[in-house]
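**Q** These protein sequence lines map, in sequence, to chains G, B and E. All residue numbers for the first sequence refer to this note's numbering, where the first residue is 6 and numbers rise by one. All residue numbers for the second sequence refer to this note's numbering, where the first residue is 8 and numbers rise by one. All residue numbers for the third sequence refer to this note's numbering, where the first residue is 253 and numbers rise by one.
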Amino acid sequence: MAVETTTRAKLRWGLLDVLVVVFALIPVLWIASLSFKTPATLTDGKFFPREWTLDNYKTIFETDQFVRALINSIGIALIATLVAVVLGAMAAYAISRLDFPGKGLLVGVSLLIAMFPQVSLVSPLFEIERQLGLFDTWPGLILPYITFALPLAIYTLSAFFKQIPWDLEKAAKMDGATQAQAFRRVIAPLAAPGLFTTAILVFIFCWNDFLFAISLTSTERSRTVPAALSFFTGASQFEDPTGAICAAAVVITVPIILFVLFFQRRIVSGLTSGAVKG
Amino acid sequence: MADIVLDKVSKSFPDGTVAVQDVDLEIADGEFVILVGPSGCGKSTTLNMIAGLEDISSGELRIAGQRVNDKAPRDRDIAMVFQSYALYPNMTVRENMAFPLRLAKLDKETINAKVDEAAKVLELTSLLDRKPANLSGGQRQRVAMGRAIVRQPKAFLMDEPLSNLDAKLRVQMRTVVSRLQKQLGTTTVYVTHDQTEAMTLGDRVVIMRGGAVQQVGPPQELYDHPRNLFVAGFIGSPSMNFLHAAVQDGSLRTALGDVPLGDRVRRELEAADAPRELILGIRPEHFEDAELIDDDTRRRGLEFDAPVEIVESMGSDKYVYFTVEGERASAAELEELAADAGSADFAGAGGNLVTRLSAESPVAEGQSRRVWFNLEKIHLFDPGTGRNLTLHEGRAAGALAD
Amino acid sequence: MTLPATPTDTAPEKSSASASVPTQRGSRRTAPLSENKKAERKLGWLLCAPAALVMVAVTAYPIIYSVWLSLQRYDLRFPDQREFIGLENYVTVLTNEFWWTAFGVTALITVVTVAVELVLGMGLALIMHRTLVGRGIVRTSALIPYGIVTVVAAFSWRYAWTPGTGYLADLFSDGAPLTERASSLAIIMLAEIWKTTPFMALLLMAGLALVPEDLLKAASTDGATAWQRFTKVMLPVMKPAILVALLFRTLDAFRVFDNIFVLTAGGNETSSVSMLAYNNLIRGLNLGIGSTMSVLIFITVAIIAFVFVKLFGTAAPGSDDGERR
Ligand SMILES: Nc1ncnc2c1ncn2[C@@H]1O[C@H](COP(=O)(O)OP(=O)(O)O)[C@@H](O)[C@H]1O
Ligand SMILES: [Mg+2]
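1) Name the residue from G:I65, G:I219, G:T58 whose alpha carbon lies nearest to the alpha carbon of S128 of chain G.
2) Compute the distance between the beta-carbons of I512 of chain E and T502 of chain E, then report whether it is under 8 Å.
3) Using CA coordinates, which residue listed in E:T544, E:R481, E:F564, E:M486 is at the minimum distance from I315 of chain E?
4) Could you work out which residue in G:F105, G:S163, G:G138, G:V255 is closest to K290 of chain E when comparing CA atoms only?
5) Please determine if the region 532–544 of chain E and the region 327–340 of chain E are in contact, where contact requires at least 3 C-beta pairs separated by less than 8 Å.
6) Between the region 62–77 of chain B and the region 207–220 of chain B, do at least 3 Cβ pairs fall closer than 8 Å?
7) Using the beta-carbon of each residue, which ones in chain G are nearer than 9 Å to F506 of chain E?
8) What span of residues does the alpha helix (DSSP H) with D303 of chain B cover, start to end?
9) I'd like the span of the alpha helix (DSSP H) that includes M452 of chain E, first residue to last.
10) Please report how far the alpha carbon of L364 of chain B lies from the alpha carbon of L309 of chain B, in whole angstroms.
11) Compare the C-alpha of Y150 of chain G against each of G:V230, G:E174, G:S40, G:A82 and name the closest.
12) Which of helix, strand or coil does DSSP assign to L413 of chain B?
13) State the Cα-Cα distance for the pair R376 of chain B and A346 of chain B, rounded to the nearest angstrom.
14) Assuming Q28 of chain B and S17 of chain B make a contact with CB atoms under 8 Å, what is their CB distance in whole Å?
15) List the residues of chain G whose Cβ lies closer than 7 Å to the Cβ of F106 of chain B, in chain order.
16) Within the chosen definition, does the region 207–217 of chain G reach the region 139–154 of chain G through at least 3 CB pairs nearer than 8 Å?
17) Below 8 Å on the Cβ atoms is my contact criterion, and I expect F264 of chain G with I205 of chain G to pass it. Report the Cβ-Cβ distance as a whole number of Å.
18) Over the uninterrupted beta strand (DSSP E) stretch that includes Y326 of chain B, give me the two end residues.
19) Leaving aside the five residues before and after C48 of chain B along the sequence, list all residues of the same chain whose C-beta is less than 7 Å from its C-beta, in chain order.
20) Would you say the beta carbon of S51 of chain B comes nearer than 7 Å to a heavy atom of ligand 2?
21) Here's the rule: buried if 16 or more other CB atoms are within 10 angstroms of the residue's CB, otherwise exposed. What is Y328 of chain B?
22) At a cut-off of 7 Å, would you count E167 of chain B as near ligand 2, judging by its Cβ distance to the nearest heavy atom?
23) I think G59 of chain B touches K78 of chain B, with their Cβ atoms under 8 Å apart; what is that distance to the nearest whole Å?
24) Taking the CB atoms as reference points, tell me whether V385 of chain E and W143 of chain G lie closer together than 8 Å.
25) Are the CB atoms of K167 of chain G and P80 of chain B nearer to each other than 8 Å?
26) Per DSSP, what are the beta-bridge partners of H293 of chain B in this structure?
27) Strictly by DSSP, which residues pair up with H251 of chain B?
28) Verify the contact flag: Y241 of chain B, CB atom, against every heavy atom of ligand 1, threshold strictly below 7 Å.
29) Applying the 10 Å Cβ sphere with the 16-neighbour rule, what's the burial state of W479 of chain E?
30) Are the beta-carbon atoms belonging to S413 of chain B and D172 of chain G less than 8 Å from one another?
31) Does at least one heavy atom of ligand 1 sit under 7 Å from the Cβ of G47 of chain B?
32) So, using beta-carbon positions, are T203 of chain G and G93 of chain G closer together than 8 Å?
33) In whole angstroms, what is the alpha-carbon distance linking P231 of chain G and L134 of chain B?
34) Have a look at the DSSP bridge pairing and note the partners of E310 of chain B.
35) If we cut at 8 Å on Cβ distances, does G199 of chain G have a partner in chain E?
36) Assign F249 of chain B to one of two classes, buried (16 or more other C-beta atoms within 10 Å of its C-beta) or exposed (fewer than that).
Structure follows, in structure tokens:
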């Protein structure tokens, strides 16, 4: 009986699994499918392309508009991630390891910011950045990204840092290590996975942003891909941009798919560890 | 190797907690000293101050005659074994043990030789290439010990090194630690809250309570001559029984009958500020089935009848729990001890009397039984201060002493 | 943190009893900090300062500035008409039917999506947590909606429903679902739910992991059915995690923007408050009105958060202040 129920249970779970996978993947497959369709078959309403082409990709990589936006996206997201993770790690270390007044306040403030309606910042930032000359520049986007990524970074990293057996630092000191040696040879190797995971989460966050990207930019100079998509035209002004938009969309989805494929476990642990206490 | 001296050492944390207060302790070269006491009494803090992991708020710490208050741990040449073992998870057993030597910049061959040597002593040779995650609790514990001994430090500090092991392994490792310490002859400070470990391992035991030292001495001395209620209740298993006793006409009225008093105790109790109510303490092993003793012994004690509640036969002897009527003994120390012991197995706080009788005793549950106890072995405590009133020049001699 | 009073603090007559016992806590509050502790504080502040400064500079100052802007007539197309007008903008916005329509749309989207996501997310969490087969595959695929750029997903949904192009367009008889208000809203909600259910599920899964396996076994030996185990054992243990997930998702849903922007651009009265504020600001260049809406949205979000924390006792994650190390 036990065997029978397990096979049946497995089957049932398997079916549910398939359901989830299909539901999760269909929109992604669909936009990928559109990006490979020829202009002639684009409007045939079929889920899979009948004629395959790479023309759409060729088109977008030939236009300055997309290449420029892609460079902006990558550059801005990478810089914002780097800064947010470094600042976040410093703060998270202090929060998880040190005792000082004002710690609760910092945690509270970052929680507030995590829940902050970003649109409320759009108008003042629009005005302030115009006055400071930051409007439509990389720093003009990097700054708000860092701000909104910091709570995420601080939470995730604090959770990771709390799991590190800090006794090891003491042990290393007893074994004759200096503070620096204890950090470099014992703590750093243990902290690296947490930093890496946090970096992925923060990068995804920055990569994803749309609201700031369309509000605080006005030209190709610093417009990122999500914002640029809606300004897309085809190869010529009069062509339907659908294929180009889809190809561009697929291109910026690739890094996400790679992260998810290779670091699924880390992302899940990163997102869940920050969610529950300690 | 070195001696360690704590001179009025205190520690207060910034939140106001005074974890350690005015501890004076001289640990001789090569000595094995145990710090014992209930959870939170400041043992770890004391050890961490010796290690240099916590700074000393006031007082002086000297190692080998040198003041080391301001020295970093690495400059004190002391090894420590942690309760959590604190093995580096990203290093193999060999790398873990070699770590202190590599930091000391020894050459590769010396390092390997020393690690192999230590591994042999601790029977770790076959495990050298494993990571800590793939070791059992006992093996991890041995690696932690190995990392401590490998560089032949001036002293070992161990913070409850066996408390994460199961009971059987703990007994086994106890002998390993003991043998190792004798072999190496290195000064060792060992923290535990397990009084059996305290009694069996060390040359001397330091009993702490609330950050202050209660008594220091060889295990037997603490057992025989506890200076106060706390020490008396902490040392011994099962714990000492504590009964309420009222001073009346030169004798003591207790639930076990009237206890006569010798001259010395009586004189002490006649002092103006002497308490009228006392706590009488007597260890389970100082009871005996009244049928089984000879007349000579009988004369040195007192007998009483009481209903038997539970009999636990240990083979070698029997633990017999009696129900005795009468007021409970109460004192702050007793409550603290009960809390630490989890109160269930702490008979002194309940109405029950624990006795340890010979295996031959035909005692049975539900019966009433006549029991004898040794008057020379009882202790009387002041419930207010906890002081042992039967102590004279540090020795206890029971209630009858002249 | 309240310190338990020691006997000496409260009962001087018993002081003889505790004379031999040092007061453990409470006293010596004024003991000077050791150098080490002072250094620790300084280091703590130093390490937190950059993060704190950036966060405050980019949020606190602008929000105050936004309040200031909201009290002015300030239209970038007519900059010389800029003047202080008190609460007039608020009156304008709060008596404007577009605002209330957008508010209603936002509230509807928030309530429906969060409710559906809670149910679906719980199911997905259970699947990810308990499935006997293919756990890795399920988790990996569930992360894709979480990770994908919202705008990309929105375009996918838009083309899916576009007549002629989309594989879903024929589901509605009249053919152009994104031009009808009801169907547009439904599609917006579908897109939102698709995108954020995995995140909800992950938060809930963190709560599921807290349910002790033994507790479930005990419940089933006690004769609880699967449903009873879920409602009587799992849900109570998960309650804090559920509340946190709900709080985060509610506030997040209230900000809905990307999907609406791409799917309908706010047409057919499908604007959310964020969309409306954006339109007034960037399209209309009316900083005064835009800022007023920003402030109103901010206040609404604060009220929602307050309700969650006060009424439901949602414990903010990381608010475990007493805990150390
Ligand atoms: N970093 C700290 N800050 C404040 N109080 C502490 C700290 N570390 C320990 N204490 C307090 O000091 C007392 C002694 O702790 P500890 O030495 O760890 O006890 P033990 O090892 O005997 O169980 C306890 O009351 C504990 O709460
Ligand atoms: Mg301890």
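Don't be surprised by glycine CBs; every beta carbon is placed ideally from N, CA and C. These numbers were taken from a predicted model, which means no experiment stands behind them.
**A** This is what the structure holds:
1) Mapped onto the first sequence, residue 128 of chain G falls at position 123. Of G:I65, G:I219, G:T58, the residue nearest in Cα terms is G:I219.
2) As a working note, residue 512 of chain E is residue 260 in the third sequence. As a working note, residue 502 of chain E is residue 250 in the third sequence. For I512 of chain E and T502 of chain E, no; Cβs fall outside 8 Å.
3) Taking the third sequence and counting its residues from 1, one reaches residue 315 of chain E at position 63. Minimum Cα distance to I315 of chain E is reached at E:T544.
4) The residue you call residue 290 of chain E lines up with position 38 of the third sequence. That would be G:F105, whose Cα lies nearest to the Cα of K290 of chain E.
5) yes
6) no
7) Here residue 506 of chain E refers to the residue found at position 254 when the third sequence is read from its first residue. Those are P122, listed as they occur along chain G.
8) Within the second sequence, the letter at position 296 stands for residue 303 of chain B. Taken as a continuous stretch (DSSP letters only), the alpha helix (DSSP H) holding D303 of chain B covers 302–306.
9) What you label residue 452 of chain E is simply residue 200 of the third sequence in a count that begins at 1. Counting along the chain, the alpha helix (DSSP H) containing M452 of chain E begins and ends at 433–460.
10) Mapped onto the second sequence, residue 364 of chain B falls at position 357. Mapped onto the second sequence, residue 309 of chain B falls at position 302. The straight-line gap from Cα to Cα measures roughly 15 Å.
11) The residue you call residue 150 of chain G lines up with position 145 of the first sequence. With distances taken between Cα atoms, Y150 of chain G lies closest to G:A82.
12) Residue coverage of chain B in this structure runs from 8 to 409, which leaves residue 413 of chain B outside it and unanswerable.
13) Position 369 of the second sequence holds residue 376 of chain B. Position 339 of the second sequence holds residue 346 of chain B. Whole-angstrom Cα-Cα distance: 31 Å.
14) The residue labelled residue 28 of chain B in the question sits at position 21 within the second sequence. The residue labelled residue 17 of chain B in the question sits at position 10 within the second sequence. The pair is a contact, with the Cβ atoms about 5 Å apart (cut-off 8 Å).
15) The sequence position of residue 106 of chain B within the second sequence is 99, counting from 1. By Cβ distance, chain G contributes D180.
16) yes
17) By 1-based counting over the first sequence, the position of residue 264 of chain G is 259. By 1-based counting over the first sequence, the position of residue 205 of chain G is 200. Correct: roughly 5 Å between the Cβ atoms.
18) Along the second sequence, one-based indexing puts residue 326 of chain B at 319. From DSSP, the beta strand (DSSP E) with Y326 of chain B extends over 324–330.
19) Numbered from 1 along the second sequence, position 41 holds the residue referred to as residue 48 of chain B. M215, R216, G217, G218, listed in sequence order.
20) Residue mapping note: residue 51 of chain B aligns to position 44 of the second sequence, counting from 1. S51 of chain B Cβ: within cutoff of ligand 2.
21) The sequence position of residue 328 of chain B within the second sequence is 321, counting from 1. Buried, because 16 or more other Cβ atoms sit within 10 Å of the Cβ of Y328 of chain B.
22) Position 160 of the second sequence, counted from the start, is the residue given in the question as residue 167 of chain B. Yes - ligand 2 has a heavy atom lying nearer than 7 Å to the Cβ of E167 of chain B.
23) Taking the second sequence and counting its residues from 1, one reaches residue 59 of chain B at position 52. Taking the second sequence and counting its residues from 1, one reaches residue 78 of chain B at position 71. Their Cβ separation, rounded to whole angstroms, is 6 Å, which keeps G59 of chain B and K78 of chain B in contact under 8 Å.
24) Here the question's residue 385 of chain E lines up with position 133 in the third sequence. Here the question's residue 143 of chain G lines up with position 138 in the first sequence. No.
25) For the purposes of this step, residue 167 of chain G is identified with residue 162 of the first sequence, where counting begins at 1. For the purposes of this step, residue 80 of chain B is identified with residue 73 of the second sequence, where counting begins at 1. No, Cβ-Cβ distance for K167 of chain G and P80 of chain B is not below 8 Å.
26) Numbered from its first residue, the second sequence carries residue 293 of chain B at position 286. According to DSSP, which records beta bridges pairwise, H293 of chain B is partnered with nothing at all.
27) Mapped onto the second sequence, residue 251 of chain B falls at position 244. Note: H251 of chain B sits in a beta bridge opposite B:I286.
28) Walking along the second sequence from the start, residue 241 of chain B turns up at place 234. Just to set this straight, residue 241 of chain B is Phe in the shown sequence, not Tyr. Not under cutoff, so the answer is no.
29) Here the question's residue 479 of chain E lines up with position 227 in the third sequence. That one is exposed.
30) Missing from the structure shown is residue 413 of chain B; chain B here goes from 8 to 409 and no further.
31) For the purposes of this step, residue 47 of chain B is identified with residue 40 of the second sequence, where counting begins at 1. True, at least one ligand heavy atom lies under 7 Å from that Cβ.
32) One-based indexing of the first sequence puts residue 203 of chain G at position 198. One-based indexing of the first sequence puts residue 93 of chain G at position 88. The answer is yes: Cβ separation under 8 Å.
33) Within the first sequence, residue 231 of chain G is the residue found at index 226, counting from 1. Within the second sequence, residue 134 of chain B is the residue found at index 127, counting from 1. Answer to the nearest angstrom: the Cα atoms are 55 Å apart.
34) Here residue 310 of chain B corresponds to residue number 303 of the second sequence, with the count starting at 1. Answer by DSSP bridge pairing, in chain order: B:W379.
35) Counting from 1 along the first sequence, the entry for residue 199 of chain G is found at position 194. Chain E contact via Cβ: absent.
36) Here the question's residue 249 of chain B lines up with position 242 in the second sequence. That one is buried.
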